[in-house]
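Asks:
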Amino acid sequence: MGKQVPIVDYLVLDDGAPHLIANRCDNCGALYFDRRNACAKCSGRSFSQHRLADDGTVRSFTIVHRAAPGVPTPYVSAIVDLSGGGVVKANLLNVEPSPDDVRFGMTVRLTTVVAGVDDEGTEAVQFGYEPV
Amino acid sequence: MAERDVWILGASMTKFGRYPDKDLIDLGAESALAALDDAGVTMADMDVMGAGNLMEAASGVGQRIQKQVGQNGVPVYNVANACATGATAIRCAYMAIKSGEADMGIAVGLEKMGKAGLLGSAARSDRNVFEPSGRYGSVMSVEGRIGTTLMPGVFAQAGMEYANEHGGVGFEQFAKVAEKNHAHSTLNPLAQYQKEFSLDEVMGAEMMAYPNTLLMCCPTGDGSAALVLVSEEKLATLSDDQRKRAVKISASVMTSDPWTETDQVQPDVNTLTRNAANEAYETAGVDPSDLDLVELHDCFATAELIHYDNLGLCKPGEAGKFIEERGPWRDGETPVNVSGGLISKGHPLGATGVANLYEVATHLRGEAGDRQIEDAKVGLTHVIGLGSACAVHVLEKATV
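Quick note, the sequences are listed as chains P and L, same order. Quick note on numbering: the working numbering labels position 45 of the first sequence as 40, and the sequence is numbered without any gaps. Quick note on numbering: the working numbering labels position 377 of the second sequence as 379, and the sequence is numbered without any gaps.
Encoded structure:
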């Protein structure tokens, strides 16, 4: 297998099972997937890395039929409330992209899939969530 | 100088649509001249100008309009604030008058989009060698791989979140919003589309991002709208006819989005709308039940439905019931988007936040023709730009 890199840096592949991390405000606990100069909630200026849970529940979703060029459709985009805190957006994987098969509150867990390969054979790995 | 009240003296909008033979400045000049004529004044009377445009925001749009309608050396504020751009231009003229720096000002919102396609995150070509970049360290485009950031899906998720939290809301209730706005548009000659569709046609149209079908999404397009604003003191010196047709701005409120847990992945269009509406109602001394008509930001049918609740037009959690009972139809409890809304009237980005004030002002003047809401005395406008910016205005009919 060639080298793998995460599609975004808040997906961690090289420390046990794949999981998400967030920058957690040391003062108020607000979670951020990107780096912040100061906390948007409390303006605190120090952050620590925080591992997020792999499971959560579907808070909202849409089923995208007309998408950006090159994106396979239809697919499910969902907002997931993670167990223990944090809200994440991701595709739902391994589920029929139909309103009959996606339910509010359904329990899902993190999974990964290869998103693409570059000219050097490096694979980009994306995360998504699948029904439990 | 003490704060003083601000009135609308003149208002205009071009028909929204596609103008292959006119450039952006033609459109802006057309609405600016029409608003000045409507007000019975000229550019020489203006003390300030606000110009709102998104897609040519760095090009000095206000000054370029002045080259066509009159250069008088007054301050020009060129602003861009997503879909709230037009309202932000109004705020520039409004605040200058409110503060006492100006007696009269003009605000122009304008946009030429053509057929722009789906709006949202900029396309990023996948590079040949993966290198992390940006604040998320992404190695390739994440659109469609880590959910969607394109507008039909983002607003679908906003609506579906409401459906999750409250009963009686689903695909059919969202579709009924679009059915209503398309029906309303048939009475508005300024609307980009003036065609009625049955509920079955709305629900059966091409699915864009469930539950938004093509007929539940606003089109892209071209257009412009303009307002001439005046201080109450200056208005008192003008003619009877000008004073009778003037419309009072009883509240002008702008908000941005405060932090919420979800907003980094799903923009929160609710909190800043509620904050703006509550402040506007308090400032104007108006209750939602007093409103004779509302023009709100229905970029997608899913958005309109949740704003019934955000603006207090229905009981909390009962937006589904409100549309089911035809509350927002033009003959209902509180008519919403009798212009046809963004869904049918069109949404040339920079023009939208001015055109909604034009619409309400025209009804308050009793000049809305076939679509006139009888005896309209108080109206509200709402516009929201993702990122996010929200403006709410309460307008009242002159009593002179």
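Just so you know, even glycine gets a beta-carbon here, dropped at the ideal spot from N, CA and C. Since the model is a prediction, treat every value here as computed from it, not as a measurement.
Measuring only the C-alpha atoms, how far is Ala12 (chain P) from Thr150 (chain L)?
Replies: Looking at the two C-alpha atoms, the distance is approximately 25 Å.
Asks: Between the region 38 to 64 of chain P and chain L, which residues of the former have CB atoms less than 9 Å from a CB of the latter, in chain order?
Replies: Those would be Val53, Arg54, Ser55, Phe56, Thr57, Ile58, Val59, His60, Arg61, Ala62, Ala63 and Pro64, in chain order.
Asks: Would DSSP call Asp300 (chain L) helix, strand or coil?
Replies: Asp300 (chain L): coil per DSSP, three-state reduction.
Asks: Quick check on Pro126 (chain P): does DSSP put it in helix, strand or coil?
Replies: In the structure shown, Pro126 (chain P) sits in a strand (DSSP, three-state: E or B).
Asks: In or out: Thr16 (chain L) buried (at least 16 other Cβ within 10 Å) or exposed?
Replies: With 16 or more Cβ atoms within 10 Å of its Cβ, Thr16 (chain L) is classed as buried.
Asks: May I ask you to list the residues that DSSP assigns as paired with Arg19 (chain P)?
Replies: Bridge partners of Arg19 (chain P): P:Leu26 and P:Ser43.
Asks: If you measure from the beta carbon of Met218 (chain L) to each beta carbon in chain C, is any gap under 8 Å?
Replies: The structure shown contains no chain C; its protein chains are P and L.
Asks: Does DSSP put Glu398 (chain L) in a helix, a strand or coil?
Replies: Looking at Glu398 (chain L) - three-state DSSP - the assignment turns out to be strand.
Asks: Whose C-beta lies closer than 6 Å to the C-beta of Thr52 (chain P) among residues of the same chain, with five residues either side of it excluded?
Replies: Only Asp76, Gly100 and Thr102 meet the Cβ criterion.
Asks: What do you get for Lys(-2) (chain P), buried or exposed, if any count of 16 or more other CB atoms within 10 angstroms of its CB means buried?
Replies: Classification of Lys(-2) (chain P): exposed, given that the 10 Å Cβ count is below 16.
Asks: Could you name the residues of chain P that Met162 (chain L) contacts, counting a contact when the two beta carbons are closer than 7 Å?
Replies: Simply Ser55, Phe56 and Thr57.
Asks: Would you list the one or two residues that DSSP bridges to Gly52 (chain L)?
Replies: Bridge partners of Gly52 (chain L): L:Tyr79 and L:Ala109.
Asks: Give the DSSP-derived three-state secondary structure of Phe132 (chain L) in the structure shown.
Replies: The answer is coil: DSSP assigns Phe132 (chain L) none of H, G, I, E or B.
Asks: I'd like to know whether the C-beta atoms of Met57 (chain L) and Glu103 (chain L) end up nearer to each other than 8 Å.
Replies: No, these two residues do not count as a Cβ contact at 8 Å.
Asks: Are three or more beta carbon pairs between the region 339 to 349 of chain L and the region 287 to 304 of chain L nearer than 8 Å?
Replies: Yes: the two stretches touch, three or more of their Cβ pairs being nearer than 8 Å.
Asks: Residues in the same chain with beta-carbon distance under 7 Å from Asp49 (chain P), minus the five sequence neighbours each way, listed in chain order, please.
Replies: These residues qualify, in order along the chain: His14, Arg104 and Leu105.
Asks: Can you grab the Cα-Cα spacing for the pair Leu1 (chain L) / Gln159 (chain L), in whole Å?
Replies: Since the first and last residues shown for chain L are 3 and 402, residue 1 (chain L) lies out of range.
Asks: For Val109 (chain P), is the classification buried or exposed, using 16 other Cβ atoms within 10 angstroms of its Cβ as the cut-off for buried?
Replies: Exposed.
Asks: At 8 Å on the CB atoms, spell out the chain L contacts of Gly24 (chain P), in chain order.
Replies: Those do not exist, as Gly24 (chain P) stays about 10 Å from chain L at its closest Cβ, beyond 8 Å.
Asks: DSSP three-state label for Met3 (chain L), please.
Replies: The pLDDT assigned to Met3 (chain L) is 41, lower than 50, so where the model puts this residue is not dependable; a value taken from the coordinates is nonetheless given after this. Here Met3 (chain L) sits in coil by DSSP.
Asks: Helix, strand or coil for Ile99 (chain L) per DSSP?
Replies: Residue state, collapsed to three classes: helix.
Asks: If contacts are defined as beta-carbon pairs under 8 Å, then Val230 (chain L) and Asp114 (chain P) qualify, I think. What distance do you get, rounded to the angstrom?
Replies: That pair is no contact at about 59 Å.
Asks: Starting from the Cα of Ala107 (chain L), find the closest Cα among L:His186, L:Arg66 and L:Trp9 and give me that residue.
Replies: Contrary to the premise, residue 107 (chain L) reads as Gly rather than Ala in this sequence. Checked all of L:His186, L:Arg66 and L:Trp9; the closest Cα to Gly107 (chain L) is L:Trp9.
Asks: With DSSP collapsed to three states, give me the class of Tyr283 (chain L).
Replies: DSSP places Tyr283 (chain L) in helix when its eight states are reduced to three.
Asks: Pull the bridge partners of Gly12 (chain L) from the DSSP assignment, please.
Replies: Paired residues: L:Val230.
Asks: Please name the residue, chosen from L:Ala400, L:Thr401, L:Lys399 and L:His395, that lies closest to Gly88 (chain L) on a Cα-to-Cα basis.
Replies: Answer by Cα proximity: L:His395.
Asks: Do Leu26 (chain P) and Ala35 (chain P) come within 8 Å of each other at the CB atom, strictly closer than that value?
Replies: No, they are not a contact pair.
Asks: Taking a cut of 9 Å between CB atoms, which residues from the region 140 to 161 of chain L lie near chain P?
Replies: Within the region 140 to 161 of chain L, the qualifying residues are Ser140, Val141, Met142, Ser143, Val144, Glu145, Gly146, Arg147, Ile148, Gly149, Thr150, Thr151, Leu152, Pro154, Gly155, Val156, Phe157, Ala158, Gln159, Ala160 and Gly161.
Asks: Between Asp333 (chain L) and Lys236 (chain L), is the Cβ-Cβ spacing less than 8 Å?
Replies: No; because the gap between Cβ atoms is not below 8 Å, this pair is not in contact.
Asks: With H, G and I counted as helix, E and B as strand and the rest as coil, what does DSSP make of Asp202 (chain L)?
Replies: Correct three-state label for Asp202 (chain L): helix.
Asks: Give a yes or no on whether 8 Å exceeds the smallest Cβ distance from Gly111 (chain P) to chain L.
Replies: True, the Cβ-Cβ gap to chain L drops below 8 Å.
Asks: Alpha carbon to alpha carbon, how far is Asp259 (chain L) from Gly387 (chain L)? Give it in angstroms, no decimals.
Replies: Cα-Cα distance, rounded: 10 Å.
Asks: Please compile the residues from chain P whose C-beta is within a distance smaller than 9 Å of the C-beta of Asn130 (chain L).
Replies: Within chain P, the residues near Asn130 (chain L) are Asp113, Asp114 and Glu115.
Asks: With a threshold of 6 Å on Cβ separation, who are the neighbours of Ala73 (chain P) within its own chain once the five nearest residues in sequence on each side are excluded?
Replies: If we look at Ala73 (chain P) and ignore the five residues flanking it on each side, its Cβ neighbours are Val53, Phe56 and Leu87.
Asks: Within 10 angstroms of its Cβ, does Ser201 (chain L) collect 16 or more other Cβ (buried), or is it exposed?
Replies: Per the sequence shown, residue 201 (chain L) should be read as Leu rather than Ser. Exposed, because fewer than 16 other Cβ atoms sit within 10 Å of the Cβ of Leu201 (chain L).
Asks: Measuring only the C-alpha atoms, how far is Gln2 (chain L) from Val255 (chain L)?
Replies: The structure shown does not extend to residue 2 (chain L), since chain L is modelled only from 3 through 402, so no value can be given for it.
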